[in-house]
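In the working numbering, the protein residues as written are 2 to 213. Cβ atoms here follow ideal geometry from the backbone N, Cα and C, with glycine treated the same way. Nothing here was measured: the structure is a model prediction, and the numbers come from that model.
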Amino acid sequence: MVNIILLGPPGSGKGTQAALLSGKLNAPHISTGDILRRAAGTELGSRAAEYMNRGELVPDSVMIEMIRDRFSQADCAKAFILDGYPRTIPQADALADILTGLDRRLDLVLNIEVPDAELITRLSARRVCECGATYHLIFNPPENEGVCDRCGKRLYQRDDDLEESIKNRLSVYKKQTQPLIDYYGNMGTLVTVDGSGSIEQIADEICAAAKS
Ligand code: AP5
Ligand code: MG
Ligand code: ZN
Numbered sequence: 002m003v004n005i006i007l008l009g010p011p012g013s014g015k016g017t018q019a020a021l022l023s024g025k026l027n028a029p030h031i032s033t034g035d036i037l038r039r040a041a042g043t044e045l046g047s048r049a050a051e052y053m054n055r056g057e058l059v060p061d062s063v064m065i066e067m068i069r070d071r072f073s074q075a076d077c078a079k080a081f082i083l084d085g086y087p088r089t090i091p092q093a094d095a096l097a098d099i100l101t102g103l104d105r106r107l108d109l110v111l112n113i114e115v116p117d118a119e120l121i122t123r124l125s126a127r128r129v130c131e132c133g134a135t136y137h138l139i140f141n142p143p144e145n146e147g148v149c150d151r152c153g154k155r156l157y158q159r160d161d162d163l164e165e166s167i168k169n170r171l172s173v174y175k176k177q178t179q180p181l182i183d184y185y186g187n188m189g190t191l192v193t194v195d196g197s198g199s200i201e202q203i204a205d206e207i208c209a210a211a212k213s
């Protein structure tokens, strides 16, 4: 099963797990947050950064257009692992329309659950790379301090990984994104995973769900 959504609050490990799963299943990892961050310097990037730095969601119309465009690219013709999309009911409805139009269906929505206190610990010491790799100063450090294992570039801290912004992201998640748990639960495609174990344990659990 390779038409997969990873759902979960900020810091639950969507990006970490999507990167691992993408390698194992040979499916593209589509992170809308990464797409927005890579757009830095463009008009879209600077408009989006205003929302992102506050921890607010970028408007649905922008995100729906972005995902429509991403699905028109050849690499997602057979498989996808969505990380960070959808985040609202209108985004989920738009995805359903896109998939219907392509005569495809969603196989699995993995809902990663982690307690709030743990999310804050994870996000406040996260370091990321332009290439999409994610690290943690204590739980998942790179081999050489400050340098990406995968591509050798310098790691940086995201502008939205500051305390105020993290708190707002958690509350935005609860208000706007959590309703998707029932939305996909009612469709029968949801599997909930305990996201508080080690990265490897969670990866095994996710891989088993994706292969069943
Ligand atoms: P986005 O980039 O998607 O951020 P997010 O949802 O806030 O999620 P994170 O990336 O913070 O967390 P994650 O679940 O990927 O965790 P990670 O693997 O890094 O979105 C950013 C912003 O863009 C949004 O706020 C919004 O403004 C905008 N945006 C994006 N998509 C949008 C959309 N569809 N609609 C509207 N706006 C949108 O792990 C976190 C840390 O924990 C890392 O340090 C990692 O090393 C560590 N870690 C991971 N797993 C474990 C573990 N098992 N044990 C210990 N540490 C772990
Ligand atoms: Mg992420
Ligand atoms: Zn890198």
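Residue i versus residue j - alpha carbon distance
i	j	result
Pro60	Tyr86	12 angstroms
Arg105	Ile5	12 angstroms
Gly16	Thr135	7 angstroms
Met53	Ile82	22 angstroms
Gly34	Gly46	11 angstroms
Cys130	Ile99	30 angstroms
Gly189	Ala28	22 angstroms
Leu96	Phe140	34 angstroms
Gly214	Leu7	Within the shown structure, residues of the chain are numbered from 2 to 213, placing residue 214 beyond reach of any answer.
Ser213	Pro11	27 angstroms
Glu206	Ser199	11 angstroms
Contacts around residue i, its chain only, beta-carbon distance under 8 angstroms, and the 5 residues preceding and following it disregarded
i	result
Glu114	Gly9, Ser13, Thr193, Val194, Asp195, Gly196 and Ser197
Ile203	Gly14, Gln18, Ile113, Val194, Asp195 and Gly196
Ala20	His30, Gly133, Ala134 and Thr135
Gly24	none
Neighbourhood of residue i by C-beta, 6 angstroms cutoff - its chain only, sequence neighbours within 5 removed
i	result
Tyr185	Val110 and Leu191
Leu37	Ala49
Cβ neighbours of residue i in the same chain (closer than 7 angstroms, five flanking residues each side left out)
i	result
Ala93	Pro87, Leu181 and Tyr184
Leu138	Ala126 and Arg128
Asp162	Leu124, Ser125 and Arg127
Gln177	Leu58, Arg88 and Thr89
### Message
Is it the case that the region 66–76 contacts the region 122–140, given that we only count it when at least three CB pairs across the two stretches are under 8 angstroms?
### Response
no
### Message
So within the region 134–210, which uninterrupted beta strand (DSSP E) runs reach at least 3 residues, ignoring any that extend past its ends?
### Response
135–137 and 191–195
#### Entry: Residues proximal to the ligand ZN by C-beta, any heavy atom closer than 6 angstroms
Cys130, Cys132, Ala134, Cys149, Arg151, Cys152 and Lys154
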